[in-house]
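Q: This is the structure I want to talk about, given as C-alpha cells.
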Amino acid sequence: MTRRPILDVKHLCVDYLAEDGVVHAVDDVSLTLRRGEILGLAGESGSGKSTMAYAITRLLRPPAEITGGEVLYDGRARANGEMTPSVGPVDILRLKPAQLRAVRWSEIAIVFQSAMNALNPTMTVGTQVLDVLATHRPEMPKPERNARARALFEMVGIAAERLKSYPHELSGGMRQRATIAIALALSPELIIMDEPTTALDVVVQREILTELMRLRERLDLSIIFITHDLSLLLEIADTVAIMYAGRVVESTSAHALHRQPRHPYSFGMLHSFPSLRGEQRLMTGIPGSPPDLRAVPAGCAFHPRCPLVYAPCSQVVPALMTMPTDSAAITDSGEQSVACHRYDPARSEGKPLPTATEMEDGYATLSSAFQEAGKA
Amino acid sequence: MTMTTPSTATPILEADHLRKHFPVRQFRPFAKPQVVHAVEDISLALVPGRALALVGESGSGKTTVARMLARLYEPTAGVIRFRGRPVTASRRAALLEYRHHVQMVFQDPFSSLNPVHSVRYHLGRVLRLHGRAHTRDEETAQILALLGKVSLTPAEQFIEKYPHQLSGGQRQRVSIARALAAGPEVLLADEPVSMLDVSIRLGVLNLLLRLKREERLAVLFITHDIASARYFAEETLIMYAGQSVESGPSDAVIQQPKHPYTQLLISAAPDPDRPATAKPLPARGEIPSLVTPPTGCRFHPRCPHAMPVCRERFPGRTELGNGHWTHCFLYGEGNDAPEGPATTHS
Amino acid sequence: MRQTSPSNEIASVPGGANRPALPPLGRTYASPSPFAGLMRFLRAFWRAVTVNRKVMLGSAIVGVFVLVAIFGPIIIRQNPLAYTTDLVRPPSAAHWLGTNQGGQDVFVQLVVGTRSSLSWALLSGLMVMMISIAVGLVSGYAGGVVDDILSVITNVFLVVPAFPLAIVAVEYFSRSTLTIAIIVALTNWPWGARVLRAQTLSMRSREFVTAARAAGEHTWRIIFLEILPNEIAIVAASFITTTIQVLLAVAALEFLGFGDSAAISWGTMLYDAYFGSALFQGAWWWFAPPGFCIALLGAGLALLNFGIDEVADPRLRQGKRRRQRGRATVAA
Numbered sequence: 001m002t003r004r005p006i007l008d009v010k011h012l013c014v015d016y017l018a019e020d021g022v023v024h025a026v027d028d029v030s031l032t033l034r035r036g037e038i039l040g041l042a043g044e045s046g047s048g049k050s051t052m053a054y055a056i057t058r059l060l061r062p063p064a065e066i067t068g069g070e071v072l073y074d075g076r077a078r079a080n081g082e083m084t085p086s087v088g089p090v091d092i093l094r095l096k097p098a099q100l101r102a103v104r105w106s107e108i109a110i111v112f113q114s115a116m117n118a119l120n121p122t123m124t125v126g127t128q129v130l131d132v133l134a135t136h137r138p139e140m141p142k143p144e145r146n147a148r149a150r151a152l153f154e155m156v157g158i159a160a161e162r163l164k165s166y167p168h169e170l171s172g173g174m175r176q177r178a179t180i181a182i183a184l185a186l187s188p189e190l191i192i193m194d195e196p197t198t199a200l201d202v203v204v205q206r207e208i209l210t211e212l213m214r215l216r217e218r219l220d221l222s223i224i225f226i227t228h229d230l231s232l233l234l235e236i237a238d239t240v241a242i243m244y245a246g247r248v249v250e251s252t253s254a255h256a257l258h259r260q261p262r263h264p265y266s267f268g269m270l271h272s273f274p275s276l277r278g279e280q281r282l283m284t285g286i287p288g289s290p291p292d293l294r295a296v297p298a299g300c301a302f303h304p305r306c307p308l309v310y311a312p313c314s315q316v317v318p319a320l321m322t323m324p325t326d327s328a329a330i331t332d333s334g335e336q337s338v339a340c341h342r343y344d345p346a347r348s349e350g351k352p353l354p355t356a357t358e359m360e361d362g363y364a365t366l367s368s369a370f371q372e373a374g375k376a
Numbered sequence: 001m002t003m004t005t006p007s008t009a010t011p012i013l014e015a016d017h018l019r020k021h022f023p024v025r026q027f028r029p030f031a032k033p034q035v036v037h038a039v040e041d042i043s044l045a046l047v048p049g050r051a052l053a054l055v056g057e058s059g060s061g062k063t064t065v066a067r068m069l070a071r072l073y074e075p076t077a078g079v080i081r082f083r084g085r086p087v088t089a090s091r092r093a094a095l096l097e098y099r100h101h102v103q104m105v106f107q108d109p110f111s112s113l114n115p116v117h118s119v120r121y122h123l124g125r126v127l128r129l130h131g132r133a134h135t136r137d138e139e140t141a142q143i144l145a146l147l148g149k150v151s152l153t154p155a156e157q158f159i160e161k162y163p164h165q166l167s168g169g170q171r172q173r174v175s176i177a178r179a180l181a182a183g184p185e186v187l188l189a190d191e192p193v194s195m196l197d198v199s200i201r202l203g204v205l206n207l208l209l210r211l212k213r214e215e216r217l218a219v220l221f222i223t224h225d226i227a228s229a230r231y232f233a234e235e236t237l238i239m240y241a242g243q244s245v246e247s248g249p250s251d252a253v254i255q256q257p258k259h260p261y262t263q264l265l266i267s268a269a270p271d272p273d274r275p276a277t278a279k280p281l282p283a284r285g286e287i288p289s290l291v292t293p294p295t296g297c298r299f300h301p302r303c304p305h306a307m308p309v310c311r312e313r314f315p316g317r318t319e320l321g322n323g324h325w326t327h328c329f330l331y332g333e334g335n336d337a338p339e340g341p342a343t344t345h346s
Numbered sequence: 001m002r003q004t005s006p007s008n009e010i011a012s013v014p015g016g017a018n019r020p021a022l023p024p025l026g027r028t029y030a031s032p033s034p035f036a037g038l039m040r041f042l043r044a045f046w047r048a049v050t051v052n053r054k055v056m057l058g059s060a061i062v063g064v065f066v067l068v069a070i071f072g073p074i075i076i077r078q079n080p081l082a083y084t085t086d087l088v089r090p091p092s093a094a095h096w097l098g099t100n101q102g103g104q105d106v107f108v109q110l111v112v113g114t115r116s117s118l119s120w121a122l123l124s125g126l127m128v129m130m131i132s133i134a135v136g137l138v139s140g141y142a143g144g145v146v147d148d149i150l151s152v153i154t155n156v157f158l159v160v161p162a163f164p165l166a167i168v169a170v171e172y173f174s175r176s177t178l179t180i181a182i183i184v185a186l187t188n189w190p191w192g193a194r195v196l197r198a199q200t201l202s203m204r205s206r207e208f209v210t211a212a213r214a215a216g217e218h219t220w221r222i223i224f225l226e227i228l229p230n231e232i233a234i235v236a237a238s239f240i241t242t243t244i245q246v247l248l249a250v251a252a253l254e255f256l257g258f259g260d261s262a263a264i265s266w267g268t269m270l271y272d273a274y275f276g277s278a279l280f281q282g283a284w285w286w287f288a289p290p291g292f293c294i295a296l297l298g299a300g301l302a303l304l305n306f307g308i309d310e311v312a313d314p315r316l317r318q319g320k321r322r323r324q325r326g327r328a329t330v331a332a
C-alpha cells in the first residue's frame, strides 16, 4: 500500500554566509515523507540534518539562507477550517508570514534536542502549554484549555499535577516529554524531532520512544526524526535518509538499509556501532573525519574516506539514483536510492555492483593506509 | 578478541569500598546539612593489559569513581591501593608520583584542551612535570613520539597546532597523548568517545584498544553505552545511583544479565538485531535523588521484582560463577560486606 | 541544482608511494628560532591593531600620545617652568601654543605634562589590573571560605566613594600625584575583580582545568597560565577602562587644586589656567589644549576598548559579514 506524501521536499538548498565565503549546508536535498510514517534523517555533525529541520519550518536565521527548492506540505483539510488548503499541497517556502504562523505549530511542530533551552525557565510548564493554546486557539474557552493541557500531559506520560512545575523541577526526560506535549498541543499532523533523545539516558530514551510510537498510532502522526544514531533509526523509522556533507547519499526503507546498505558511507556507519550480540570482532569504522563544509572535497564529498574510490569520484558529484528493486527486499516503503557512481551504469566503468565483502575489506585496507599516512 | 576468562594477573590499581558524599551548599544557615550520596561502596580492580568498563546512566556515580581514582576528589571512605599499597598521602610530591602512574582522559575534546595553548604546550608541560623531558630538544622528541603513538602523523604538522585547528577526533587523540605523556600504567577514560562523531568513534576506541595491548595499560573505561563496553572491555561493572549492581566478564553480563537493572538497561539499548519478539522491558520511575536516596537497594522503587527486604538493606554479593556476580536478593542474600574488590580477586 | 565543476585532480588514496618521509625524531626537526615567536607576536599584534577602523584610530591616537610622552621632553629641551616676559601671548612662531600668565610656553608644558598624565594613568591602570587579577582569580578559583572573605572585601571597596576619599587622603598624606593614583587604584579594582571572579568560576569547571589538575600541574600555574590567558579580553578591557577613569580623576583632582603644584601635568595646567582667569582673559590657547588632550586620549582609549570587544567576540564583527552578504545574494 502506498500512502500519500504529507511532505515532499524537492531540491532544497541552504547556504550559510560565512566570513570567508558561502557554505552549502544543504545541497539539493529531496525527501518524501508519507502520511503516518517516520522518516529518519541520519548524519554526523555538519551533514546538514539539523539545518533541514530548520529549513522545512522556515526557522532559519541569517546567516543561513534558503537558496532554492520547494517544501510541499499536503495537510488534511481541517474541520475548524483554518488556512489549510483543500486543494493540493502548498509550498511552505512561499507562504506569507501569516499563513506560515498558522502552519507552524498547528500543522507542523518541532521538538528540539535541548528541552531546557526550549522551555522558558521562569514559567511553569503548564503556563507554557496554556500560552500556546491561548495564542493559537483564542476561541477555545478557558476551562477547555485547562482540560486540554491536562490531557496532553497525561498523553505523554506525565502526571497532570506536574503542570504546576517549573522546568528546573523536572528531570531531563520529563522536560523532553513536556516539550513533546507542547508540540502536540494543537494536534499537528507532522512533528519534526531534532535529536529529541540524544541528551537523555538510554532507559529514558527508550521510554520516550515507546511513548512516541504509541502516540503516532493514536494520533496518526507523521514524524521526521533526526539523529546521529543510525541503529536507533533502524528500529523506529519506516524510511531512512542518510546525509553526508549536505547531501543525501542514500534513501531507503529502514528494513532494506539494515539488510543491505548500498552506499559505502551507510555501510561504514552501520558498521561503526558495536553490537550487543554475535561474534566479537575488531571493527574498523570509517577512517578520516567528516569534511569541513568550507572545504568540501570535489566530486563525491565522501571520496577521500571511501573504500570504493576510483577515478570519477573526485570529479563528478554523483546524483541520487533509484536502484533497481531487489525483489525480495522491498516491502511497502518504495525504492532504494543511492548516490554513488558504482551503482550508476553510465559511470561504473564496467565494475560490478559493490558487495558487502568488498566494502568491508576496503575499509580495513583504507584504515591501515590512513594510519600509515597519519590522516586518522 | 576479548578474553572472557577472569585474569589471574595481579591488579595494579584497586578500590575498596569507595564512598563519596558531597556536601550540598546551603543558604539557610541553620538547616540540617545535606549531602549528595554520589557513590556508595564501590570496589573494583584494574589489571595491566585489560579493561574494566564502568557502565551507568547519568547520576550513577561513574565519573565520581574515576575522579576519586584520579585523586581529583578525596574519597569520603574506602581505600585506593596502587600495587597493593594504600594511597593516602596528599602531599604534592606524593600526588605527583601517583599521577605519574594513573592518568585520565576526559569526555569533551572541545573543553579538555585549553584554547590558548598549543599541542606542544599541552604535552610538554606534562612531560616536564613528570621529569620525562628537561630540554626543549628532549621535549620535542618525546612529543613527536607521543603524537606518533596516537596516530597523529606526520607529527611535525601537529606539534605547533592549537586546539581550534584540530577536529574532534584529533583533539581526543591529543588528550590521550597528554595522558600518556606522564608514562602511566593506568588510564582512566571517562566517556572518551561519547562526544565524537559516530564515524570517528571507532578510530579512537581502536587506538585505546591498541594502547591497552601494546603499552599493557590497565584501563577503566567509563561509558553509558553498553555495546561499546562489550566491544572495549574484558569486564563490565554496572552502576546504579552510586551502587554497584552487577559485574563480570562483559559477555556474561550482557548476554545473561541477572540484575533487573542490567536487564532494563540492555533492553533499552538501541539494537536493530533484536528479535521482533523481544519487547523492551517497561521502565517505571526515574533515577532517584541522591540527596535522599531510597533505602536498601536504590533500584527497588523501579524494580518489578522488589520485595520488602529490598527496602531494608542492600544485598550482599552473590557469586554466579566465572567472575560474574550481582547484588540482588533474587539470587540470594549474598555475602555480607565487607568483600574484596570487584573483579578478578576474591 | 548546483553542479560542482569537475576538477582534474585524481583521487589520491592515502598511504602508498606519495607518503611523506618522516624525519628521524628530534634531530632534524627544526625548532623555531626565538625570533619566529617574536615575529608571530608582532604579526598577531598588527592584525589586532588593524582589525577595524575604530581600533586603528584608537591605537593611532594612543600611540601618538605614548610617543610624545616618551620622546617629547627629550626633543624639547626647554624648562616648562621657565618664566619669560611674553605674558599671556596667543600662539605664534616662537610659542606654538602661546604663553600663560607667567610667560611659560603652553606647548612645552603640554608636551611635558603628557608624560606625567599618561604615565600616572597607565601606572594606576596597571595597579588596578594586578589587584583585580589577583583577587578575582584567586577568589574564583579557590572558592569556599577564601572566596567568601575576598568577596566581602571586594564589595566593601566597591562602595567606598573614590573622590571624597582621594580629597581627604591628599590633605592627610601628601599633595602628590602618587597619593591620588593609589587612592584611585584602591577604589577601582573591585569592578574588574568581580567580573574576573565570575569568569574564573565558570572557567574552573571547564575540563581543561580539571585535566591540568589531573596531570599534576601547580595551582598557581593553573590560575595564571591556564585560566588567565583565557580572560585576557576582560583584563585588557578593565585595564583600559580604569586608565580612562584614572586619567579623568587625576585631572579633576589636580584641577581642584589637590595636585602637586610643582609638577606639570594636564590637570595642573587647567588649574593654573583657572586661577590665572584664562577664560576671563579669553586666553583659549591656555586651557583648550590640555582639555582637548584629555578628551582625545580618553576617546582613543575608549575606541581601543570597543576594538577589544570586537576582537574577542566574533558576533560583533558585523562589517565584514554584511559585505559578504551582499556578494552572496548576487551569487545565489
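Protein chains in written order, with the numbering used here: chain G, 1 to 376; chain D, 1 to 346; chain C, 1 to 332.
Note that the Cβ used here is the ideal one computed from N, Cα and C, for glycine as well.
Model, not experiment: these values are computed from the prediction.
Kindly identify the DSSP beta-bridge partner or partners of F22(D).
A: Working through the second sequence from its first residue, we reach residue 22(D) at position 22. Answer is V36(D), bridged to F22(D).
Q: Return the chain-ordered list of same chain residues with a C-beta closer than 7 Å to the C-beta of R177(G), the five sequence neighbours on each side being excluded.
A: Within the first sequence, numbered from 1, the residue matching residue 177(G) stands at position 177. So the list reads V156, G157, I158 and I208, once near-sequence residues are dropped.
Q: Cα-Cα, which of I223(C), Q281(C), G257(C) and G282(C) is closest to L270(C)?
A: Translated into the one-based positions of the third sequence, residue 270(C) becomes position 270. Minimum Cα distance to L270(C) is reached at G257(C).
Q: S289(D) touches chain C at which residues, Cβ-Cβ below 8 Å?
A: Walking along the second sequence from the start, residue 289(D) turns up at place 289. Simply none; closest approach about 22 Å.
Q: Which one or two residues does DSSP pair with Q103(D) in a beta bridge?
A: On the second sequence, position 103 is the one that residue 103(D) refers to. Bridge partners of Q103(D): L187(D).
Q: Straight-line CA distance for L39(G) to Q371(G)?
A: Position 39 of the first sequence holds residue 39(G). Position 371 of the first sequence holds residue 371(G). Distance between the alpha carbons of L39(G) and Q371(G): 36 Å.
Q: From this set, K279(D), S194(D) and Y98(D), which residue's C-alpha is nearest A214(C)'s C-alpha?
A: Locating residue 214(C) in the third sequence gives position 214, counting from the first residue. For the residues K279(D), S194(D) and Y98(D), the minimum Cα distance to A214(C) belongs to Y98(D).
Q: In chain C, what lies closer than 9 Å to R381(D) by C-beta?
A: For residue 381(D) there is no data in the structure shown, the boundaries of chain D being 1 and 346.
Q: Go through the segment 123-202 of chain D residue by residue and report every complete run of the alpha helix (DSSP H) that reaches 4 residues or more, in order.
A: As far as the segment 123-202 of chain D is concerned, its whole alpha helix (DSSP H) runs of at least 4 residues are 136-149, 155-159 and 168-181.
Q: Counting along the chain, where does the alpha helix (DSSP H) carrying C13(G) start and finish?
A: In the first sequence, residue 13(G) corresponds to position 13, counting from 1. Note, C13(G): premise wrong, no alpha helix (DSSP H); beta strand (DSSP E) at P5 to A18.
Q: Straight-line CA distance for V126(D) to R294(G)?
A: By one-based count along the second sequence, residue 126(D) stands at place 126. By one-based count along the first sequence, residue 294(G) stands at place 294. Spanning the two alpha carbons is a distance of roughly 34 Å.
Q: Any Cβ of chain G within less than 8 Å of the Cβ of I254(D)?
A: Your numbering for residue 254(D) matches position 254 in the second sequence. So, interface residue.
Q: Give the residues of chain D in contact with N230(C), contact being defined as C-beta atoms less than 8 Å apart.
A: Position 230 of the third sequence holds residue 230(C). Under the 8 Å cutoff, chain D gives N114, P115 and V116.
Q: If you run the structure through DSSP and keep just helix, strand and coil, what is P164(C)?
A: Sequence index remark: in the third sequence, residue 164(C) carries index 164 (1-based). Three-state DSSP puts P164(C) in a helix.
Q: Along chain C, in chain order, which residues have C-beta atoms closer than 8 Å to that of S167(D)?
A: The residue given as residue 167(D) occupies position 167 in the second sequence. Correct list: empty, because the minimum Cβ distance to chain C is about 16 Å.
Q: If you draw a straight line from the C-alpha of E279(G) to the C-alpha of A142(C), how long is it?
A: Mapped onto the first sequence, residue 279(G) falls at position 279. Mapped onto the third sequence, residue 142(C) falls at position 142. Roughly 51 Å separates the two Cα atoms.
Q: Buried or exposed, going by whether 16 or more other CB atoms sit within 10 Å of the CB of M39(C)?
A: Numbered from 1 along the third sequence, position 39 holds the residue referred to as residue 39(C). The residue is exposed, with fewer than 16 neighbouring Cβ atoms inside 10 Å.
Q: For W105(G), name the three-state secondary structure that DSSP assigns.
A: Position 105 of the first sequence holds residue 105(G). Coil.
Q: With 8 Å as the threshold, decide whether the Cβ of I286(G) is near any Cβ in chain D.
A: On the first sequence, position 286 is the one that residue 286(G) refers to. Interface residue, yes.
Q: Leaving out five residues on either side along the sequence, give the residues of the same chain with a beta carbon under 6 Å from the beta carbon of H259(D).
A: What you label residue 259(D) is simply residue 259 of the second sequence in a count that begins at 1. Result list for H259(D): V245, E246, T326 and C328, in chain order.
Q: Does any C-beta atom of chain C lie closer than 8 Å to the C-beta of F30(D)?
A: Residue 30(D) sits at position 30 when you count from the first residue of the second sequence. Chain C, which has no Cβ nearer than 8 Å to the Cβ of F30(D), makes this no.
Q: In chain order, what residues of the same chain have a beta carbon less than 6 Å from the beta carbon of V105(D), not counting five sequence neighbours either side?
A: Position 105 of the second sequence, counted from the start, is the residue given in the question as residue 105(D). Correct list, in chain order: S175, I176, A179, A189 and P192.
Q: For H21(D), which option in A15(D), E14(D) and A38(D) has the closest C-alpha, if you only look at C-alpha atoms?
A: Translated into positions along the second sequence, residue 21(D) becomes position 21. Of the candidates A15(D), E14(D) and A38(D), the one whose C-alpha sits nearest the C-alpha of H21(D) is A38(D).
Q: Give a yes or no on whether the C-beta atoms belonging to S124(C) and V246(C) are separated by under 8 Å.
A: In the third sequence, the residue the question calls residue 124(C) occupies position 124. In the third sequence, the residue the question calls residue 246(C) occupies position 246. In this structure, V246(C) lies closer than 8 Å to S124(C) by Cβ.
Q: Considering Cα atoms alone, identify which of S266(G), D194(G) and L186(G) is closest to D131(G).
A: Taking the first residue of the first sequence as 1, we reach residue 131(G) at position 131. Among S266(G), D194(G) and L186(G), the Cα nearest to that of D131(G) belongs to L186(G).
Q: From the DSSP output, which residues share a beta bridge with V71(G)?
A: In the first sequence, residue 71(G) corresponds to position 71, counting from 1. In the DSSP output, where bridge partners are listed per residue, V71(G) has V9(G).
Q: So which residues of chain C does L96(D) contact, with C-beta pairs closer than 8 Å?
A: Locating residue 96(D) in the second sequence gives position 96, counting from the first residue. L96(D) reaches chain C at G216, counting residues in chain order whose Cβ is nearer than 8 Å.
Q: Beta-carbon within less than 7 Å of R83(D)'s beta-carbon, same chain only, minus the 5 sequence neighbours each way: which residues are those?
A: Your numbering for residue 83(D) matches position 83 in the second sequence. Once the five neighbours on either side are set aside, the close Cβ partners of R83(D) are I12.
Q: Which class does N117(G) belong to by DSSP, given the choice of helix, strand or coil?
A: Within the first sequence, the letter at position 117 stands for residue 117(G). Helix, per DSSP.
Q: Counting only beta-carbon separations shorter than 8 Å, does F208(C) have a partner in chain D?
A: Working through the third sequence from its first residue, we reach residue 208(C) at position 208. At a cut-off of 8 Å between beta-carbon atoms, F208(C) makes contact with chain D.
Q: Given this structure, state the Cα-to-Cα distance separating D253(C) from W189(C), to the nearest angstrom.
A: The count along the third sequence starts at 1 and reaches residue 253(C) at position 253. The count along the third sequence starts at 1 and reaches residue 189(C) at position 189. Per the sequence presented here, residue 253(C) reads as Leu, with Asp not at that position. Those two C-alpha atoms are separated by around 19 Å.
Q: Applying a beta-carbon distance threshold of less than 8 Å, which residues of chain C neighbour S111(D)?
A: For this step, residue 111(D) is matched to residue 111 along the second sequence. Correct list: R206, E207 and F208.
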